[in-house]
Amino acid sequence: MILSEPLLRMEGISKRYGGVIALNEADIAIRPGAIHAVLGENGAGKSTLIKIMAGVTAPDDGRMLLDGKAVSFSSPAMANAAGIVSVFQELSLIPDLSVADNIVISNPPRRFGMIDRGAQRRIAEEALSRAGAFDIHPSSLVKDLPLSRRQMVEIAKALARSPRLMILDEATSALSKSDVDKVFSVLKRLRSEGLALVYISHRMHEIAELADDCTVFRNGRSIESYKAGTKTDQQVVELMIGREYKSVFPAKPGVKISRPPVLSCSGLCWGDRLTDITFDARPGEIVGVGGLDGQGQRELLLALFGVLRDVRGDVRIDGRSVRLTSPKEAKSQATSIALIPEDRKTEGLMLPMTVRENLSIAALGSVSRKGVIDRGAEAACVGELLKLLAIKAANIDMPVSNLSGGNQQKVVIAKWLMNRPRIILLNDPTRGIDVGTKQEIYQLLRKLADGGAAIIFYSTDYDELIGCCDRVLVMYDGTIASMLEGDNINERALIGSALNIAAKQVERGQTL
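Each number in this note's numbering comes from the position in the sequence shown (counting from 1) with 9 added on.
And the structure:
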């Protein structure tokens with residue numbers, strides 16, 4: 010079999026940000042008609058590499074060859090004109106515009122000097138169809154769409170530009186299983202049409218299903234390129250982290266936790282999204298929340314954090330009935346609840362502000378005196394959290410936007426720990442971060458639980474629920490379909506409960 014010549018080749022690419030080396034003489038070759046997976050921990054250089062590919066930033070050293078000819082892009086528009094488009098993990102959509110406006114925003118069709126709305130809608134419909142997003146209306150405002158649908162619009166936007174090379178950075182991290190299947194079908198079809206694809210994902214099963222070629226990055230260097238399927242997952246992870254890959258999840262307590270609940274919910278309801286939610290959580294316990302995406306899990310966490318209006322039912326903290334009508338009340342000393350949100354970019358961080366400011370913003374009351382921030386107290390708290398979560402930052406006064414995705418997620422978690430919460434709500438906190446950082450977060454969650462916190466942990470990853478949680482509440486259609494614990498927390502039971510199928514029916518293998 011004769012392999013095609015690379016469409017894009019990058020040789021000796023280096024990039025520095027002040028004293029931080031983001032890329033150090035990195036190499037990669039992307040073939041047409043192939044999906045090339047770029048693997049590595051957050052901070053390994055992947056994002057910088059694709060930003061150079063896409064014209065977002067320029068390299069300090071090295072060269073880039075397109076069709077064998079040297080090229081350099083000073084802007085994304087130049088890269089787009091050369092046929093290179095990107096679907097970044099951080100969505101580039103404008104919320105107040107329609108889906109159609111967003112899809113054609115860089116080059117809207119015109120007629121008599123005005124935007125041709127009919128042609129715009131036809132382009133949007135065709136792009137959405139190619140992305141498998143038939144259910145999204147071109148006239149819908151992006152701000153009215155959930156995160157998973159926005160991600161599909163982002164993919165359609167890229168396809169509308171008729172790319173030769175498409176870069177996908179964690180493009181499936183916000184998608185439901187059915188949407189992921191649609192995207193995979195699209196990518197396989199595009200590959201068969203000769204498109205070159207660069208695919209970044211921390212989900213090894215996605216790499217196994219899609220990739221033809223793989224390149225592993227570590228500490229800004231390209232460590233090794235290989236044909237997909239020639240290495241085991243463990244070998245790949247060891248290349249990524251540079252050390253032997255041991256057990257991912259910390260050990261669970263051997264003795265069942267019997268302390269009184271710190272949080273109790275009874276008959277919790279909200280509109281038609283939550284119905285009769287009843288459960289409790291004890292200090293020292295990690296309670297998982299599972300089920301298919303969109304079954305009310307996120308609404309449950311938002312209700313407990315006081316974000317949703319008109320929530321009915323009884324919520325008790327230490328046996329005392331409380332009404333959580335605002336996040337301010339939820340995070341108060343009396344209730345002591347923290348929420349790690351789903352989307353760190355839009356809900357968890359203030360990207361232009363510094364690492365220090367992001368870390369201290371949620372606990373200004375505890376580091377201020379008479380309205381003036383005590384810089385000494387703030388520095389001590391920030392330093393403690395940087396050490397606890399091993400946050401890698403050149404300095405605490407750099408913009409948090411300059412951190413890798415994994416370190417940004419650590420900042421989101423750390424800022425709430427400054428309040429020393431007793432109840433911690435986590436909304437899919439490891440989405441889009443690398444295996445090494447995930448392992449650190451799992452260890453931290455168990456450490457926080459061992460210190461007396463009660464943790465409510467929603468995850469779309471069954472392995473996380475199985476490996477981390479003492480109990481798992483599986484939600485279906487806005488209510489708790491089952492509660493699993495001990496050896497019953499397994500993939501078969503999780504899937505059966507998520508589909509609202511009785512366990513015996515799953516064991517008998519009845520078809521759906």
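We put the beta carbon where it would ideally sit given N, CA and C, even for glycine.
Decide if the stretch 136-155 is in contact with the stretch 202-220; the criterion is three or more beta carbon pairs, one per stretch, under 8 Å apart. no
Would P74 pass as a contact of R18 if the rule is Cβ separation under 7 Å? The question names Pro, but residue 74 in the sequence shown is Leu. Going by C-beta atoms, L74 is nearer than 7 Å to R18.
P15 and A38: beta carbons closer than 7 Å? yes
Which residues bound the alpha helix (DSSP H) around M161? 156-168
Note down the Cα distance separating L474 from A260, rounded to an integer number of angstroms. 13 Å
Y467 burial status per 10 Å Cβ neighbour count (16 or more: buried): buried
Could you say which of L398, Q417, L311 lies nearest to M362 if we only look at CA atoms? Q417
Would you check if there are 3 or more beta carbon pairs closer than 8 Å linking the stretch 432-449 to the stretch 405-412? no
Would you report the Cα separation of A169 and G495, rounded to the nearest angstrom? 49 Å
Distance, V245 Cα to P262 Cα: 30 Å
Is it buried or exposed, H214, if we count other Cβ atoms within 10 angstroms and call 16 or more buried? exposed
Can you give me the start and stop residues for the alpha helix (DSSP H) that N367 sits inside? 364-369
From G487, A67, S101, pick the residue whose C-alpha is nearest to that of L301; which is it? G487
Distance, I326 Cα to T344 Cα: 6 Å
Run through DSSP, which three-state label would C477 get? helix
Reducing DSSP to helix, strand and coil, say where N497 ends up. helix
Buried or exposed by the 16-neighbour rule on C-beta atoms within 10 Å, applied to G122: exposed
Report back the beta-carbon spacing between I346 and P430 to the nearest angstrom; my notes put them in contact at under 8 Å. 6 Å
Is it the case that the stretch 274-283 contacts the stretch 301-318, given that we only count it when at least three CB pairs across the two stretches are under 8 Å? yes
Where DSSP assigns a beta bridge to W279, which residues make up the other side? L283
From what residue to what residue does the beta strand (DSSP E) around L434 run? 432-436
Is there contact between the stretch 265-275 and the stretch 60-67, where contact requires at least three CB pairs shorter than 8 Å? no
What's the call for Y451, buried or exposed, on a 16-neighbour Cβ count within 10 Å? buried
Which residues in the same chain as A423 place their Cβ atom closer than 8 Å to its Cβ, once the five residues preceding and following it in sequence are excluded? L368, L394, L395, L397, L398, I400
With a Cβ-Cβ cutoff of 7 Å, do L435 and G299 count as a contact? no
Boundaries of the beta strand (DSSP E) in which N523 is found, first to last residue: Residue 523 is absent from the structure shown; the chain starts at 10 and stops at 521.
Helix, strand or coil for H211, going by three-state DSSP, please let me know. coil
Using the rule of at least 16 other Cβ atoms within 10 Å of the residue's Cβ for burial, across every protein chain shown, is M359 buried or exposed? exposed
Minimum C-alpha distance to K337 - residue among S194, P269, W425, A389: W425
Reduced DSSP secondary structure (H/G/I, E/B, other) of K197: helix
Is it true that the stretch 78-85 meets the stretch 102-114, where meeting means three or more beta-carbon pairs spaced less than 8 Å apart? no
When you compare only the Cα positions, how much space is there between D532 and A140? The structure shown does not extend to residue 532, since the chain spans only 10 to 521, so no value can be given for it.
Mind checking if I93 is an interface residue toward chain D, Cβ cutoff 7 Å exclusive? Absent from the structure: chain D. Only one protein chain is present.
Cβ atoms of G71 and S138: under 7 Å apart, would you say? no
Do G229 and L106 have their CB atoms nearer than 7 Å? no
Would D472 be called buried (16 or more neighbouring beta carbons within 10 Å of its own) or exposed? exposed
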